[in-house]
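Asker: Each protein sequence line maps, in turn, to chains F and B.
Residues in the first sequence are numbered from 1 upward in steps of one, following the working numbering.
Residues in the second sequence are numbered from 427 upward in steps of one, following the working numbering.
Number of protein chains: 2
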Amino acid sequence: MALIVHKYGGTSMGSTERIRNVARRVAKWHKAGHQMVVVPSAMSGETNRLLALAKEVAPEKPGKAYGRELDMLASTGEQASSALLAIALQAEGLDAVSYAGWQVPIKTNDAYTKARIESIDDARVRADLDAGKVVIITGFQGIDDGGNITTLGRGGSDTSAVAVAAALKANECLIYTDVDGVYTTDPRVVPEARRLERVSFEEMLEMASMGSKVLQIRSVEFAGKYKVPLRVLSSFTPWDIDLNEEATSGTLITFEEDADMERAVVSGIAFNRDEAKVSVLGVPDKPGIAYQILGAVAEANIEVDVIIQNLSKDGKTDFSFTVHRNDFQKTVDLLKGKVVPALGAADVVGDSRICKVSIVGIGMRSHVGVASRMFKCLSDEGINIQMISTSEIKTSVVIDEKYMELAVRALHREFDLDQTADTIAR
Amino acid sequence: MALIVHKYGGTSMGSTERIRNVARRVAKWHKAGHQMVVVPSAMSGETNRLLALAKEVAPEKPGKAYGRELDMLASTGEQASSALLAIALQAEGLDAVSYAGWQVPIKTNDAYTKARIESIDDARVRADLDAGKVVIITGFQGIDDGGNITTLGRGGSDTSAVAVAAALKANECLIYTDVDGVYTTDPRVVPEARRLERVSFEEMLEMASMGSKVLQIRSVEFAGKYKVPLRVLSSFTPWDIDLNEEATSGTLITFEEDADMERAVVSGIAFNRDEAKVSVLGVPDKPGIAYQILGAVAEANIEVDVIIQNLSKDGKTDFSFTVHRNDFQKTVDLLKGKVVPALGAADVVGDSRICKVSIVGIGMRSHVGVASRMFKCLSDEGINIQMISTSEIKTSVVIDEKYMELAVRALHREFDLDQTADTIAR
Numbered sequence: 001m002a003l004i005v006h007k008y009g010g011t012s013m014g015s016t017e018r019i020r021n022v023a024r025r026v027a028k029w030h031k032a033g034h035q036m037v038v039v040p041s042a043m044s045g046e047t048n049r050l051l052a053l054a055k056e057v058a059p060e061k062p063g064k065a066y067g068r069e070l071d072m073l074a075s076t077g078e079q080a081s082s083a084l085l086a087i088a089l090q091a092e093g094l095d096a097v098s099y100a101g102w103q104v105p106i107k108t109n110d111a112y113t114k115a116r117i118e119s120i121d122d123a124r125v126r127a128d129l130d131a132g133k134v135v136i137i138t139g140f141q142g143i144d145d146g147g148n149i150t151t152l153g154r155g156g157s158d159t160s161a162v163a164v165a166a167a168l169k170a171n172e173c174l175i176y177t178d179v180d181g182v183y184t185t186d187p188r189v190v191p192e193a194r195r196l197e198r199v200s201f202e203e204m205l206e207m208a209s210m211g212s213k214v215l216q217i218r219s220v221e222f223a224g225k226y227k228v229p230l231r232v233l234s235s236f237t238p239w240d241i242d243l244n245e246e247a248t249s250g251t252l253i254t255f256e257e258d259a260d261m262e263r264a265v266v267s268g269i270a271f272n273r274d275e276a277k278v279s280v281l282g283v284p285d286k287p288g289i290a291y292q293i294l295g296a297v298a299e300a301n302i303e304v305d306v307i308i309q310n311l312s313k314d315g316k317t318d319f320s321f322t323v324h325r326n327d328f329q330k331t332v333d334l335l336k337g338k339v340v341p342a343l344g345a346a347d348v349v350g351d352s353r354i355c356k357v358s359i360v361g362i363g364m365r366s367h368v369g370v371a372s373r374m375f376k377c378l379s380d381e382g383i384n385i386q387m388i389s390t391s392e393i394k395t396s397v398v399i400d401e402k403y404m405e406l407a408v409r410a411l412h413r414e415f416d417l418d419q420t421a422d423t424i425a426r
Numbered sequence: 427m428a429l430i431v432h433k434y435g436g437t438s439m440g441s442t443e444r445i446r447n448v449a450r451r452v453a454k455w456h457k458a459g460h461q462m463v464v465v466p467s468a469m470s471g472e473t474n475r476l477l478a479l480a481k482e483v484a485p486e487k488p489g490k491a492y493g494r495e496l497d498m499l500a501s502t503g504e505q506a507s508s509a510l511l512a513i514a515l516q517a518e519g520l521d522a523v524s525y526a527g528w529q530v531p532i533k534t535n536d537a538y539t540k541a542r543i544e545s546i547d548d549a550r551v552r553a554d555l556d557a558g559k560v561v562i563i564t565g566f567q568g569i570d571d572g573g574n575i576t577t578l579g580r581g582g583s584d585t586s587a588v589a590v591a592a593a594l595k596a597n598e599c600l601i602y603t604d605v606d607g608v609y610t611t612d613p614r615v616v617p618e619a620r621r622l623e624r625v626s627f628e629e630m631l632e633m634a635s636m637g638s639k640v641l642q643i644r645s646v647e648f649a650g651k652y653k654v655p656l657r658v659l660s661s662f663t664p665w666d667i668d669l670n671e672e673a674t675s676g677t678l679i680t681f682e683e684d685a686d687m688e689r690a691v692v693s694g695i696a697f698n699r700d701e702a703k704v705s706v707l708g709v710p711d712k713p714g715i716a717y718q719i720l721g722a723v724a725e726a727n728i729e730v731d732v733i734i735q736n737l738s739k740d741g742k743t744d745f746s747f748t749v750h751r752n753d754f755q756k757t758v759d760l761l762k763g764k765v766v767p768a769l770g771a772a773d774v775v776g777d778s779r780i781c782k783v784s785i786v787g788i789g790m791r792s793h794v795g796v797a798s799r800m801f802k803c804l805s806d807e808g809i810n811i812q813m814i815s816t817s818e819i820k821t822s823v824v825i826d827e828k829y830m831e832l833a834v835r836a837l838h839r840e841f842d843l844d845q846t847a848d849t850i851a852r
């Protein structure tokens, strides 16, 4: 007997028929002898519907107290879907009870619409589990010290599920979603992309931060911090498939670096075109220029990703970095307005037609020459590299966005990730 | 400066545009210097939508724990509408905060789907009011001792509003609805029906129990118990009408029996066709027959309204009573199966094509002959009276349902309730 947490996304809860299938699946696990906790999202479309109503009653954002009321509003979506799932489980003959975040309670800070979980009291839930009940806990929400409802931000239900699993010391947290696992790269770009049976927590973190949308990055961070074994799997397999088959499907995000995992140098290729490049040209090369440029950007609440500073020539240097595309124009205006004159720099130029492509793999730690193999591969395809950024288990390059698909496909082949490459053990 | 509670029904909250109008109306009252508490219902249709989803996931009612989950589900409707109203008030420039029943808290017993309010803690609300905030409190719901959400049953938001007004010792509780007050009778039956400017609490109670749907009867009982001045008025007047005009519109349900109120003998005519008549014929006239018949009915959880026992003849009597039409067949079957053989009665006959018509008026206390004036009026119209029931301030008759409209119109005229009767002061 194990304690298992299931999390179901909005699509999996998208209709009453789907909710009944979720109930049948959970009942199957319960009947196999497991203690079951289920964390559902709101029915798909519900959160958007509620937030659209808020926009209709207040077209302009009406100040500070607005966030608290948005959370009161949006949290009703998960409360309703959780109650419906409890009813569906009761219809399957199980004893089931649903709790809103505040009833557990899941304590958070008071950063409305993007709160962070601070603690979870497991007493009530554990008593129910010991009494043989299936416990349903609303995703996405909690309660602050003032007794106000908070929400965790978009995709927060993943984080709720992992946090609940951590608090209960669950044996595994299964994230049911509309894809059947984590892939070596996006199958829409590379048809040969393979599902990974296992991926390390650190690789998953890099892939999630790089735009792989399978899991909310905060949930991966949480899983890492509390060592919660996570599995991503499809909620669209028939509910009555063999439990053992289901329990080993999808992708396991693991914390054990076993021998198998060492074999593959690169586990996946991540990419995104959400960024834009900004370059400050002809900056007098003095100490403190990075701070003068990036300090002003940070003060404007703009996040910076890749940063490079060219070699100095004649006492001048060029300084480049990437920001989210939504912040591109704001960044350029900010630099032109105040920073460039103060620095005595020559100009600011920008390019929003770039993309970032990354290879991610825990094997990079113990293999040399992986990055240069990546650069050679891109060079062979005639792709010019504009910026490079590296970490222990990832190498990212910024290139012209028109080469994105070409680069991803070439790298996928180069690192033997194609489905046909049967030399890869996993 | 007064402390005022506004309650808005589902139709008044039925769209985001209507919610904005509610916000503008509340803002007008707040700007006039009043402390404002608002109790909204769910947006019209929302509660039905949610309960229909529950029925889809569990076509059969799945046992005892079902009620708790239904309340978790249904309570989200008011939580959402309350948050939307808070946002709309913020958009009007006011400081507004919404509370779910559990946040106040409004404590109830644990009779899910039909809970009763036990206490209301006014500390949090009062602190907000003193800080100049408009406070919105979800109608229809509370929390039990176990920390579970409860709901008060259909129309429970009226009761929530009155209970909140009582707890805060509000100066007046205004129930905004889709009619503009309490009428002498249903204007769809008698076009000459007049709106009453004031009606006594006891008259309102009799009319509500008789099927006048303006207010939930429990809210009237609550208002009576705690002496909360209640006003029923329309939410469809333009929000920007003069506040003094608005504050005196509709119908005031009052606890003061002033001189004016003595003038009218009858205040209104109530009627319903929800009942059916059951007669047990040829019952041997011995002590205890009423208990033997009605005890069995009560044990089956069937409510009995009017009861008559005929004069005995040859040691036999007939015993008749009315039940809700939904319980009619069940009652007849029950009596035929066990009670009639045990009693040695001759037969059970029933008639579901009856109606009940009542005259209600606090003036009946001090006027004699009101009932006989009613009977004469009906006799003049050729209407046969089947049963009679009286109380201090009401006389009810059971008649053939085909005469219902005729009887109501005739009595409305007989007791000078028509709009043309300008001899009536109010």
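A virtual CB, placed ideally from N, CA and C, is assigned to each residue, including glycine.
For arginine 365 of chain F and aspartate 418 of chain F, I'd like the C-alpha separation in whole angstroms.
Answerer: Residue mapping note: residue 365 of chain F aligns to position 365 of the first sequence, counting from 1. Residue mapping note: residue 418 of chain F aligns to position 418 of the first sequence, counting from 1. When rounded, the distance between both Cα atoms is 22 Å.
Asker: So if DSSP puts proline 767 of chain B in a beta bridge, which residue, or which two residues, is it bridged to?
Answerer: Stepping through the second sequence from its first residue, residue 767 of chain B is reached at position 341. Its beta-bridge partners do not exist; DSSP assigns none.
Asker: Indicate the three-state DSSP secondary structure (helix, strand or coil) for glutamate 688 of chain B in the structure shown.
Answerer: Indexing the second sequence from 1 puts residue 688 of chain B at position 262. Caution is warranted here: a pLDDT of 47 is assigned to glutamate 688 of chain B, below 50, making its placement in the model unreliable, and no coordinate value can be reported.
Asker: To the nearest angstrom, report how far apart alanine 512 of chain B and alanine 593 of chain B are at their CA atoms.
Answerer: What you label residue 512 of chain B is simply residue 86 of the second sequence in a count that begins at 1. What you label residue 593 of chain B is simply residue 167 of the second sequence in a count that begins at 1. Using only the alpha carbons, I get a separation of about 21 Å.
Asker: Where do the N-terminal and C-terminal ends of the beta strand (DSSP E) with glutamate 544 of chain B fall, by residue?
Answerer: Residue mapping note: residue 544 of chain B aligns to position 118 of the second sequence, counting from 1. Looking at the DSSP string, the run of the beta strand (DSSP E) that includes glutamate 544 of chain B is 543 to 546.
Asker: Quick one: which chain D residues come within Cβ less than 7 Å of arginine 20 of chain F?
Answerer: This model lacks chain D altogether, as its protein chains are F and B.
Asker: Does DSSP put asparagine 21 of chain F in a helix, a strand or coil?
Answerer: Along the first sequence, read from residue 1 onward, the residue named residue 21 of chain F stands at position 21. Note: asparagine 21 of chain F maps to helix in three-state DSSP.
Asker: Identify which residue in F:Ile253, F:Gly153, F:Val340, F:Ser279 has its Cα closest to the Cα of arginine 68 of chain F.
Answerer: Numbered from its first residue, the first sequence carries residue 68 of chain F at position 68. Comparing Cα-Cα distances from arginine 68 of chain F to each of F:Ile253, F:Gly153, F:Val340, F:Ser279, the minimum goes to F:Gly153.
Asker: Mind checking which residues open and close the beta strand (DSSP E) that includes isoleucine 569 of chain B?
Answerer: Counting from 1 along the second sequence, the entry for residue 569 of chain B is found at position 143. Start and end: 567 to 569.
Asker: Per the contact definition of three or more C-beta pairs closer than 8 Å, is the segment 46 to 58 of chain F in contact with the segment 112 to 125 of chain F?
Answerer: At 8 Å Cβ cutoff, the stretches do not touch.
Asker: Taking just the CA atoms, how far does arginine 835 of chain B sit from tyrosine 829 of chain B?
Answerer: For the purposes of this step, residue 829 of chain B is taken as the residue at position 403 of the second sequence. For the purposes of this step, residue 835 of chain B is taken as the residue at position 409 of the second sequence. Their backbone Cα atoms lie some 10 Å apart in a straight line.
Asker: Report the CB separation of methionine 439 of chain B from valine 448 of chain B in whole angstroms; it is logged as a contact under 8 Å.
Answerer: In the second sequence, residue 439 of chain B corresponds to position 13, counting from 1. In the second sequence, residue 448 of chain B corresponds to position 22, counting from 1. Yes, methionine 439 of chain B and valine 448 of chain B are in contact; Cβ-Cβ is about 7 Å, under 8 Å.
Asker: Which residue wins for smallest C-alpha separation from alanine 123 of chain F, given the options F:Ala74, F:Ile106, F:Gly139?
Answerer: What you label residue 123 of chain F is simply residue 123 of the first sequence in a count that begins at 1. Taking only the C-alpha atoms, the option nearest alanine 123 of chain F is F:Ile106.
Asker: Just the Cα atoms here: how many angstroms apart are aspartate 305 of chain F and valine 323 of chain F?
Answerer: Residue numbering aside, residue 305 of chain F sits at position 305 when the first sequence is read from its first letter. Residue numbering aside, residue 323 of chain F sits at position 323 when the first sequence is read from its first letter. Cα to Cα, aspartate 305 of chain F sits roughly 6 Å from valine 323 of chain F.
Asker: With a cut-off of 7 Å, does the C-beta of methionine 207 of chain F fall near any C-beta of chain B?
Answerer: Taking the first sequence and counting its residues from 1, one reaches residue 207 of chain F at position 207. Output row for methionine 207 of chain F: interface = no.
Asker: Residues in its own chain within less than 8 Å of tryptophan 239 of chain F by CB, not counting five upstream and five downstream?
Answerer: Here residue 239 of chain F refers to the residue found at position 239 when the first sequence is read from its first residue. Excluding positions up to five away in sequence, the list reads Asn21, Val22, Arg24, Arg25, Lys28.
Asker: Short of 9 Å Cβ to Cβ, which residues in the segment 152 to 178 of chain F face chain B?
Answerer: Taking 9 Å as the Cβ-Cβ cut-off against chain B, none of the residues of the segment 152 to 178 of chain F qualify.
Asker: Nearest chain F C-beta to glutamine 735 of chain B closer than 7 Å, yes or no?
Answerer: Here residue 735 of chain B refers to the residue found at position 309 of the second sequence. No, because no Cβ of chain F sits closer than 7 Å to the Cβ of glutamine 735 of chain B.
Asker: So, are the CB atoms of valine 796 of chain B and valine 691 of chain B less than 7 Å apart?
Answerer: Your numbering for residue 796 of chain B matches position 370 in the second sequence. Your numbering for residue 691 of chain B matches position 265 in the second sequence. Yes, Cβ-Cβ distance for valine 796 of chain B and valine 691 of chain B is below 7 Å.
Asker: Below 7 Å between beta carbons: does that hold for isoleucine 269 of chain F and isoleucine 383 of chain F?
Answerer: If you number the first sequence from 1, residue 269 of chain F lands on position 269. If you number the first sequence from 1, residue 383 of chain F lands on position 383. In this structure, isoleucine 383 of chain F does not lie closer than 7 Å to isoleucine 269 of chain F by Cβ.
Asker: Counting only beta-carbon atoms, is glycine 573 of chain B nearer than 7 Å to chain F?
Answerer: Residue 573 of chain B sits at position 147 when you count from the first residue of the second sequence. So yes, glycine 573 of chain B belongs to the interface.
Asker: Indicate whether the contact test is met: 3 or more Cβ pairs, each with one atom in the segment 91 to 105 of chain F and one in the segment 140 to 159 of chain F, closer than 8 Å.
Answerer: Flag = yes, the segment 91 to 105 of chain F and the segment 140 to 159 of chain F touch.
Asker: Closer than 7 Å, CB to CB, is glycine 440 of chain B near chain F or not?
Answerer: As a working mapping, residue 440 of chain B is identified with position 14 in the second sequence. Cβ-Cβ to chain F under 7 Å: no for glycine 440 of chain B.
Asker: Please list, in chain order, the chain B residues whose beta carbon lies closer than 9 Å to that of tyrosine 183 of chain F.
Answerer: Position 183 of the first sequence holds residue 183 of chain F. By Cβ distance, chain B contributes nothing, its closest Cβ being about 33 Å from tyrosine 183 of chain F, past 9 Å.
Asker: Please name the residue or residues paired with proline 710 of chain B in a DSSP beta bridge.
Answerer: The residue given as residue 710 of chain B occupies position 284 in the second sequence. Its beta-bridge partners are B:Lys742.
Asker: Taking glycine 63 of chain F as the query, report the chain B residues whose CB atoms sit under 8 Å from its CB, ordered along the chain.
Answerer: The residue labelled residue 63 of chain F in the question sits at position 63 within the first sequence. Within chain B, the residues near glycine 63 of chain F are Gln516.
Asker: Drop a sphere of 10 angstroms on the beta-carbon of threonine 816 of chain B, count the other beta-carbons inside from all chains shown, and report buried for 16 or more, exposed for fewer.
Answerer: By 1-based counting over the second sequence, the position of residue 816 of chain B is 390. Threonine 816 of chain B is exposed by the Cβ-count criterion.
Asker: Suppose the cutoff is 8 Å on Cβ atoms and the five residues either side in sequence are ignored; what does the same chain contact list for histidine 412 of chain F look like?
Answerer: Position 412 of the first sequence, counted from the first residue, corresponds to residue 412 of chain F. Correct list, in chain order: Thr184, Thr185, Val190, Glu192, Ala193, Ile269, Asp418.
Asker: I'd like to know whether the C-beta atoms of asparagine 597 of chain B and alanine 428 of chain B end up nearer to each other than 7 Å.
Answerer: Along the second sequence, read from residue 1 onward, the residue named residue 597 of chain B stands at position 171. Along the second sequence, read from residue 1 onward, the residue named residue 428 of chain B stands at position 2. Cβ atoms of asparagine 597 of chain B and alanine 428 of chain B: closer than 7 Å.
Asker: In chain order, which beta strand (DSSP E) runs of at least 3 residues are fully inside the segment 10 to 54 of chain F?
Answerer: Qualifying beta strand (DSSP E) stretches, in chain order: 35 to 40.
Asker: Between F:Arg325, F:Ile149, F:Ile137, which lies nearest to threonine 108 of chain F when the distance is taken from Cα to Cα?
Answerer: The count along the first sequence starts at 1 and reaches residue 108 of chain F at position 108. Threonine 108 of chain F has its Cα closest to that of F:Ile149, out of F:Arg325, F:Ile149, F:Ile137.
Asker: If we cut at 7 Å on Cβ distances, does isoleucine 569 of chain B have a partner in chain F?
Answerer: In the second sequence, counting from the first residue as 1, residue 569 of chain B sits at position 143. It does not; no Cβ of chain F falls within 7 Å.
Asker: Out of curiosity, what's the CA-to-CA distance linking valine 658 of chain B and lysine 639 of chain B?
Answerer: For the purposes of this step, residue 658 of chain B is taken as the residue at position 232 of the second sequence. For the purposes of this step, residue 639 of chain B is taken as the residue at position 213 of the second sequence. So the alpha carbons of these two residues sit roughly 12 Å apart.
Asker: Report the partner residues of glycine 792 of chain B according to the DSSP bridge assignment.
Answerer: As a working note, residue 792 of chain B is residue 366 in the second sequence. Rather than glycine, the amino acid found at residue 792 of chain B in this sequence is serine. Its beta-bridge partners do not exist; DSSP assigns none.
Asker: What did DSSP end up calling glutamine 642 of chain B once you bin it into helix, strand or coil?
Answerer: Reading the second sequence from its first residue, position 216 is the one you call residue 642 of chain B. Looking at glutamine 642 of chain B - three-state DSSP - the assignment turns out to be coil, as it is neither helix nor strand.
Asker: Write down every uninterrupted run of the beta strand (DSSP E) in the segment 102 to 181 of chain F whose length is 3 residues or greater and which is fully enclosed by it, in chain order.
Answerer: Here the runs fully enclosed are 106 to 108, 117 to 120, 134 to 137, 141 to 143, 149 to 151, 172 to 177.
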